Amino acid sequence: MASRYIANTADEQKRMLGVIGAGSIEELLVKIPAKVRLARPLGLVPAMAETDLIRHLKALAGKNADADSHVCFMGAGSYDHYVPSPINHLVSRGEFFTAYTPYQPEASQGTLRTIYEYQTMIAELTGMDVANASIYDGASSLAEAALMAHAVTARNEIVLSRGVHPLYKRVTATYCEGPGIRLRDAAGPDGVTDLEAARKVVGAKTAALVIQTPNFYGCLEDVAVAAEIAHGAGALLVVVADPVNLGVLEAPGKLGADIVIGEGQGLGVPLSFGGPNLGVFAAKKELVRRMPGRLVGATVDSDGARGFVLTLQTREQHIRRAKATSNICTNVALCALMATVYLATLGRRGLVRVGELSTAKAHYAAERLTKIPGISLRFAAPFFKEFALKLAKPPERVVTRLAKQGFLAGVPLKSFDRALADCLLVAVTEKRTKAEIDGFAAALEKAVA
Amino acid sequence: MAHSAAAAYDKLIFELSSPGRVAWSLADADVPEADARTLLPAKHLRSEAPALPEVSEFDVVRHYSRLSRMNYAVDTHFYPLGSCTMKYNPRINEDMARLAGFARLHPLAAEAVAQGALQLMHELARDLAEIAGMDAVSLQPAAGAQGEFAGVLMIRAYHRSRGEKRTKVLVPDSAHGTNPASTALAGYEVVEVKSLANGEVDVDALARTLDTDVAAFMITVPNTLGMFEPRIVEITELCHARGVQVYMDGANLNAILGITRPGDLGFDVCHFNLHKTFTTPHGGGGPGAGPVGVKAHLEPFLPVPVVTKAGDAYALDWKRPKSIGKLQAFWGNFGMLVRAYTYIRTMGPDGLRAVSDNAILNANYIMKRLEKVYDIAVPGPCMHECVLSARRQKKLGVTATDIAKRLLDLGFYAPSTYFPLIVEEALMIEPTETEAKETLDQFCDAMIQIARETETTAAVIHDAPLTTPVRRLDQTKAAREPDLRWSRRP
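Protein sequence lines, in the order shown, are assigned to chains A and B. The working numbering runs 14 ahead of the 1-based position in the first sequence. The working numbering runs 8 ahead of the 1-based position in the second sequence.
This is the structure we're talking about:
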């Protein structure tokens, strides 16, 4: 049967073959040795009609407990923030989502302009001079930052705070294996990094100190002190920050960061089971020629009109090949567009409001939940929108039970840190209502009783 | 000078800002609202609100709608960008990826309440393994380049597990730039292998280069000249005899679906570009997805976690001590996986075979129609794309770039230019199976017109493009005086 995605009819195929001078499509395959030809059809499920396939996929989707069917208190790097309606409509315009990397700038000014806006917004939020067009996700952005710090300083060690997302550390370790970069830990038993201990680990071999704020446990770190320690040893300071928090929290660039990376999923990108996400990457301008990824710059056309192009491409793999600053090619431009539309929509005051509401609701929730017997805050350090609770009952069992009552209760920390096996990481965004938080508290109270 | 209606719009969102306008809607606090400034220590607080635009919702929608019209895209223009497989992006894929059970699923949801997502991943990995003739597939790599990186790391781990210290990876001079870049990132010395004039691997030279320091040979099949490597089985056998692993760059997989399989050709590893072969949209530069498939001997080294099935239950398996580790924080570009799964189920085995047949037919048709007016890099038949050279036109002062720009005026996006590097003034054309004959004819007519103009009215080519929102842009100025963010002009 004909496929709705292939236009050629049998008659058209025949006419085209006539022009080519071949008797059949088979004749065009002469260079493929007969012995490696697949002699049977692929062993796949037969083609499904559109309505049957939709039914099948809806059934699969229906097996998942999502943030629409459940009230979401999960975070740990992926958050249920407000997504204004225009985002999905605008990224669904075929002119955006069916184009590719703007290799022909004159025919790609739409994409190039949105990336230039994105770079401007991210640079502004992070307090850095330049931002790139995106990396895959927060974790691979951190890995790229480690490689960049290694290249800039010609030093071989990266010191990572214990508060850096454990999965980001694992990705960074994968990327550092080839160049032989050593990763070292800076301890932090009380929810925040012990910066005086870090001072002893950071030294002449350190390419960068990496600190995350708020860290994986939701606690705020002292970035200015970390900067002083890193710079004192001639190392770079890499700060992992969630840009959606930066309406309220200080721009890491103002506190001494040399590179700021983060996960931009909170800026209007769907949860989507963890991908695609949005790797944010920004740096000081003196480091720009060592940056990974695409950069868009403003220039003029032959009539002197303003226009935009991919620039500083001699850093990149398609020009520099084995000596490129990174192997990245395709990035996550459409997710960067979601973030651009998000930041245009929220604007100066809206982003501040998102941060204020998240803080207020998270603190209300923490107070409410810790009134429950058998539940306490695990760390005393100040937190922003996320906090670790110590539970009297195993967190995995609590999570399973609450899922049945319509709550995604949080992220059990056992698989990330055995010392925190009795802890649950709870995130509260601006979307949560008082009624939802109170309902969650009532359900949690029964579950830990 | 305005050349078209679209050129009239020259705003950035910041230039629309009017203090006091809002485009957002957030409910008032329903909890006792303590000011963030009292809840958090002052040193953590932003001293100055971020300088983001203040616009209305309609400002946002009209601005980005107008910007979108400054793009050529698959939906609006034939987009023959070689090596990128710019085919139609089915709308059902978009609808399925947006189902709440997928789009609104948290990555750390307990396995018991994410069974539908895990099942989809498990089945997609199995389908891709069947399509490529591989034993196992990891869906985690975020793009082709990350798939390459993962593949090379697995090869490295494999050699090490056997106590072998091999230090070099061979890459043809016709390869995509990501091949040497990913290989270098994995800690290998990259050795470039010269291709024969026809783009094929010089098997004799390869045999001389394959010493005990070589860990892998990485090649693209069909090659970047659009040709099937006729001695490929001999090549993979030769490599294996020397203890060398063979990696296939799967960028051109659209040419061989159901015809032959990387695994059957002798490859140990290959990656898939779901945004090329499997219709996930290119997004203006991603997100893509770059799953990587391996033969059984490399399976222990796959990235963690691996989606497993026991009875009817799906799980994420983290207990894989030989794994190369993780590539992204979570499990892969899941939204893209939903789209690719939907596409494979839409097409079925016969449909996928028809994809490659028609992609090949369309490319050969273009090559045949253009072979008299342009030089052909290698005589056909070709596979899913063909490479022309504008060397004849260059002698008359018209380069591949000029031809690309003139095509924009004639209503087509441009082919890939100056790639592969081994072809002078290369124009790499990949029509894909989703284009109709009349579109191919219009494109060929335009190419023939440009060849004629080269000989008669070359000025119209040198002046191109005239119909796009901007004319040729000053790349040198952009690089010499980097202007990478907007600021208010005084």
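Note that beta-carbon positions come from the ideal geometry of N, C-alpha and C, so glycine has one too. Treat the numbers as computed from the prediction; the structure is a model and nothing was measured.
With contacts defined by Cβ atoms closer than 9 Å, residue 322/B and residue 127/B form a contacting pair. Residue 243/B holds the alpha-carbon nearest to the alpha-carbon of residue 178/B among 457/B, 387/B, 309/B, 243/B. For residue 332/A, a Cβ of chain B is located within less than 9 Å of the residue's own Cβ.
Relative to residue 320/B, the option among 131/B, 232/B, 218/B whose CA is nearest is 131/B. For residue 426/A, the beta-bridge partners assigned by DSSP are 438/A. One thing to note: residue 421/A has its Cβ within 9 Å of the Cβ of residue 87/A. In the assembly as shown, residue 103/A is an exposed residue. Its beta-carbon has fewer than 16 other beta-carbons within 10 Å. DSSP places residue 402/A within a strand segment (E or B) once states are collapsed to three.
Residues of chain B with a Cβ closer than 7 Å to the Cβ of residue 459/A do not exist; the shortest Cβ-Cβ separation is about 18 Å. Within the region 12-92 of chain B, the alpha helix (DSSP H) runs of at least 4 residues that lie entirely inside it are, in chain order, 44-47, 65-76. Excluding sequence positions up to five before and after residue 105/A, its CB lies within less than 8 Å of the CB of 111, 348, 351, 352, 355, all in the same chain and listed in chain order. The contact set of residue 45/A on chain B, defined by CB atoms closer than 9 Å, consists of 230, 235, 236, 237, 238, 389, 391 in chain order. Of all alpha-carbon atoms in 397/B, 246/B, 182/B, 203/B, the one lying nearest the alpha-carbon of residue 425/B is that of 397/B. For residue 275/A, there is no enclosing alpha helix (DSSP H); the enclosing beta strand (DSSP E) covers residues 273-277. Excluding the 5 residues flanking it on each side, residue 235/A has same chain C-beta neighbours closer than 8 Å at 175, 177, 206, 207, 225, 226, 227, 228, 229, in chain order. Taking CB atoms only, residue 314/A has a neighbour in chain B less than 9 Å away. Counted as a single uninterrupted DSSP element, the stretch harbouring residue 453/B is not any beta strand (DSSP E) but the alpha helix (DSSP H) occupying residues 445-464. Under the Cβ criterion of 9 Å, residue 86/B is not counted among the residues facing chain A. The Cβ of residue 112/A sits closer than 9 Å to at least one Cβ of chain B. Looking at the backbone, the Cα of residue 379/B and that of residue 496/B are separated by about 52 Å.
Using a 10 angstroms sphere on the CB of residue 248/B, the tally of other CB atoms stays under 16, which defines it as exposed.
Identification of chain A residues near residue 92/B by a Cβ-Cβ cut-off of 7 Å yields 114, ordered along the chain. Going by DSSP, residue 279/B is part of the beta strand (DSSP E) stretching over 277-279. Taken in chain order, the whole alpha helix (DSSP H) runs of length 4 or more contained in the region 156-224 of chain A are 180-191, 209-215.
At a cut-off of 9 Å between C-beta atoms, residue 290/A counts as an interface residue with respect to chain B.
Contact of residue 207/A with chain B is not assigned, every C-beta pair being separated by 9 Å or more. Beta-bridge partners assigned by DSSP to residue 144/B: 302/B.
For residue 312/B, there is no enclosing beta strand (DSSP E), as DSSP marks it with neither H nor E. If you ignore the 5 residues before and after residue 31/B, its C-beta comes within less than 6 Å of the C-beta of 63, 64, 65, 68, all in its own chain and listed in chain order. Taking a contact as a CB-CB distance under 8 Å, the pair residue 421/B and residue 121/A counts as one, their CB atoms being some 6 Å apart.
Residue range 123-140 is occupied by the alpha helix (DSSP H) that includes residue 123/A. Residue environment for residue 59/A: exposed (fewer than 16 other C-beta atoms within 10 angstroms of its C-beta).
Counting along the chain, residue 252/A sits inside the beta strand (DSSP E) bounded by residues 250-254. Neighbours of residue 478/B in chain A, taken as residues whose beta carbon is under 7 Å from its own, are 120, 123, 315, 319, 321 in chain order. Look at residue 110/B: its C-beta is under 9 Å from a C-beta on chain A. A residue is called buried once 16 or more other Cβ atoms fall within 10 Å of its Cβ, and residue 463/A, having fewer, is exposed.
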